[in-house]
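K.L.:
Below you will find the structure I want to go over with you.
There are 2 protein chains.
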Amino acid sequence: MTTEVVLNVEMACSGCSGAVERVLKKMAGVQTFDVSLEKQRVVVRGDVTPEAVLETVRKTGKKAELAK
Amino acid sequence: MTTEVVLNVEMACSGCSGAVERVLKKMAGVQTFDVSLEKQRVVVRGDVTPEAVLETVRKTGKKAELAK
Numbered sequence: 003m004t005t006e007v008v009l010n011v012e013m014a015c016s017g018c019s020g021a022v023e024r025v026l027k028k029m030a031g032v033q034t035f036d037v038s039l040e041k042q043r044v045v046v047r048g049d050v051t052p053e054a055v056l057e058t059v060r061k062t063g064k065k066a067e068l069a070k
Numbered sequence: 003m004t005t006e007v008v009l010n011v012e013m014a015c016s017g018c019s020g021a022v023e024r025v026l027k028k029m030a031g032v033q034t035f036d037v038s039l040e041k042q043r044v045v046v047r048g049d050v051t052p053e054a055v056l057e058t059v060r061k062t063g064k065k066a067e068l069a070k
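One line per chain: the protein sequences are Y and R, in this order.
Numbered as in my numbering, the first sequence ends at 70 without a single skipped number.
Numbered as in my numbering, the second sequence ends at 70 without a single skipped number.
Right, dumping it as structure tokens:
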């Protein structure tokens, strides 16, 4: 099953967004993702739950919340 | 027992270093820490192992290695 999860994530620079990209690359179940520094937004698609994606992104130390 | 662990960590901005600070604040056993964006260096003191500190900091998605 493919779920789309959208998060609002505070990212200040490309080092911040790159860190989020690195953890999503390693996350089980993730098929595709987009990390937008400009929109402060992360979209993840895959066999994942919103809670698991939120927890993974929060482990980066960034402030994150579900956008929907 | 108090151990001092020193890591070299790639951090590009205060958002990056702030993220590292947030995960260290939550880490069990940590007594004090210094995160230097200027020196690209993180020093952690507490009842911790170098491996555990390295793993925690790497979960932020930052590139990190033990400095000693």
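Note that the Cβ used here is the ideal one computed from N, Cα and C, for glycine as well.
Note that the structure is predicted; figures quoted are calculated from it, not measured.
Mind pulling the alpha helix (DSSP H) runs of 4 or more residues that sit fully within the segment 13 to 49 of chain Y?
P.N.:
Complete alpha helix (DSSP H) runs here, min 4: 16 to 28.
K.L.:
Excluding the 5 residues preceding and the 5 following VAL32/R in the sequence, name in chain order all residues of the same chain whose CB lies nearer than 7 Å to its CB.
P.N.:
Here residue 32/R corresponds to residue number 30 of the second sequence, with the count starting at 1. These residues qualify, in order along the chain: LEU26, VAL46, GLY48, VAL50.
K.L.:
State yes or no: is the beta carbon of ARG17/R nearer than 8 Å to at least one beta carbon in chain Y?
P.N.:
As a working note, residue 17/R is residue 15 in the second sequence. Checking the sequence shown, residue 17/R turns out to be Gly, not Arg. Interface residue, yes.
K.L.:
Please report the straight-line C-alpha distance between CYS18/Y and VAL59/R, rounded to a whole angstrom.
P.N.:
Here the question's residue 18/Y lines up with position 16 in the first sequence. Here the question's residue 59/R lines up with position 57 in the second sequence. Cα to Cα, CYS18/Y sits roughly 14 Å from VAL59/R.
K.L.:
Give the DSSP-derived three-state secondary structure of THR51/R in the structure shown.
P.N.:
As a working mapping, residue 51/R is identified with position 49 in the second sequence. Reduced to three states, the DSSP call for THR51/R is coil.
K.L.:
Scan the segment 25 to 54 of chain Y for residues whose Cβ lies nearer than 8 Å to a Cβ of chain R and list them as they occur along the chain.
P.N.:
Answer set for the segment 25 to 54 of chain Y: VAL25.
K.L.:
Quick one, which of GLY63/R, ASN10/R, ASP36/R, VAL8/R has its alpha-carbon nearest ALA21/Y's?
P.N.:
On the first sequence, position 19 is the one that residue 21/Y refers to. Of the listed residues, the one whose Cα sits closest to ALA21/Y is GLY63/R.
K.L.:
Does any CB atom of chain Y fall closer than 8 Å to the CB of THR5/R?
P.N.:
By 1-based counting over the second sequence, the position of residue 5/R is 3. Taking Cβ atoms only, chain Y never reaches closer than 8 Å to THR5/R, which makes this a no.
K.L.:
Taking C-beta pairs closer than 7 Å, name the residues in chain R that VAL22/Y reaches, listed in chain order.
P.N.:
Translated into the one-based positions of the first sequence, residue 22/Y becomes position 20. Within chain R, the residues near VAL22/Y are GLY63.
K.L.:
Does the CB of ALA14/Y have a neighbour CB from chain R at under 8 Å?
P.N.:
Your numbering for residue 14/Y matches position 12 in the first sequence. Output row for ALA14/Y: interface = yes.
K.L.:
Let me know if LEU68/R comes out buried or exposed under the rule of 16 or more other beta-carbons within 10 Å of its beta-carbon.
P.N.:
Indexing the second sequence from 1 puts residue 68/R at position 66. Exposed, by the Cβ-count rule.
K.L.:
Which residues bound the beta strand (DSSP E) around ALA66/Y?
P.N.:
Taking the first residue of the first sequence as position 1, residue 66/Y is located at position 64. That run of the beta strand (DSSP E) goes 66 to 68.
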